[in-house]
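Heads up: the sequence shown is residues -25 to -1, 1 to 141, going by mature numbering (1 follows the signal peptide of the UniProt record, and there is no 0). Note that beta-carbon positions come from the ideal geometry of N, C-alpha and C, so glycine has one too. Nothing here was measured: the structure is a model prediction, and the numbers come from that model.
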Amino acid sequence: MIWKGKIPHKVACFTWLVASQAVLTQDNLMKRGRQLCSRCFFCEAETETVNHLFLQCKVTGKLWQWFINLRGIGWAMPRHTSEVLACWNRDGNQSEHKERWKIVPSCIWWTIWKERNQRCFENKNIPFQSIKMNCLATFYFWCIHSVPKDIGEINLFLDSLKEYRR
């Protein structure tokens, strides 16, 4: 699933790192001997682990919930990133938009990682609404490989994702 999507190759590699628990989060860096503050850059309360950052953090959870609500399905978030891809692929196979839905986990994870790095290295925090918009724009571009002409085009795209729920 990782290697057959419409996502850039570097994002496919990154997705594999996330699913393999190998991305360099604070806890993984500490395991390599780095002396760091291990807190999550989003919630600032929990230890930044792969599973926390990409699945369990309240900010990440909002992104997942937004896409899940678009799908109109019941979804229990797996505990580990390695389980997400299999579950997402299985649950999305019934959709006529299954190719689009396969890239959602990579899109969420890539958006979260980019924002996390902005917070970590540049001390820049943007509001959740902007994170969500960045994720949506990334998803849109990966799905259609072009720049939208206006907001109406994005709305039509979102409506097309909801159609199969009927």
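Check for me: the alpha helix (DSSP H) holding residue i runs from which residue to which?
{"i": "ILE119", "result": "103 to 119"}
{"i": "TRP76", "result": "73 to 77"}
{"i": "VAL(-15)", "result": "-17 to -7"}
Quick check on residue i - is its C-beta less than 9 angstroms from some C-beta in chain B?
{"i": "ILE101", "result": "Among the chains of the structure shown, chain B does not appear; only one protein chain is present."}
Please report the straight-line C-alpha distance between residue i and residue j, rounded to a whole angstrom.
{"i": "PHE(-12)", "j": "TRP85", "result": "8 angstroms"}
{"i": "ASN130", "j": "PHE116", "result": "14 angstroms"}
{"i": "HIS(-17)", "j": "GLN31", "result": "26 angstroms"}
{"i": "GLU74", "j": "LEU(-2)", "result": "28 angstroms"}
{"i": "ILE43", "j": "TRP50", "result": "7 angstroms"}
{"i": "LYS(-20)", "j": "SER57", "result": "20 angstroms"}
{"i": "LYS6", "j": "ARG65", "result": "33 angstroms"}
{"i": "ALA(-14)", "j": "LYS33", "result": "24 angstroms"}
Taking all protein chains shown into account, decide if residue i is buried (16 or more other Cβ within 10 angstroms of its Cβ) or exposed.
{"i": "ALA(-7)", "result": "buried"}
{"i": "GLU97", "result": "exposed"}
{"i": "ARG14", "result": "exposed"}
{"i": "PHE17", "result": "buried"}
Rounded C-beta distance between residue i and residue j? I'm assuming under 8 angstroms.
{"i": "LEU38", "j": "ILE78", "result": "That belief does not hold up - the Cβ atoms of LEU38 and ILE78 are roughly 14 angstroms apart, past 8 angstroms."}
- Quick one: complete alpha helix (DSSP H) runs, 4+ long, within the region 18 to 48? As for any alpha helix (DSSP H) of minimum length 4 sitting wholly inside the region 18 to 48, the runs are 33 to 46, ordered along the chain.
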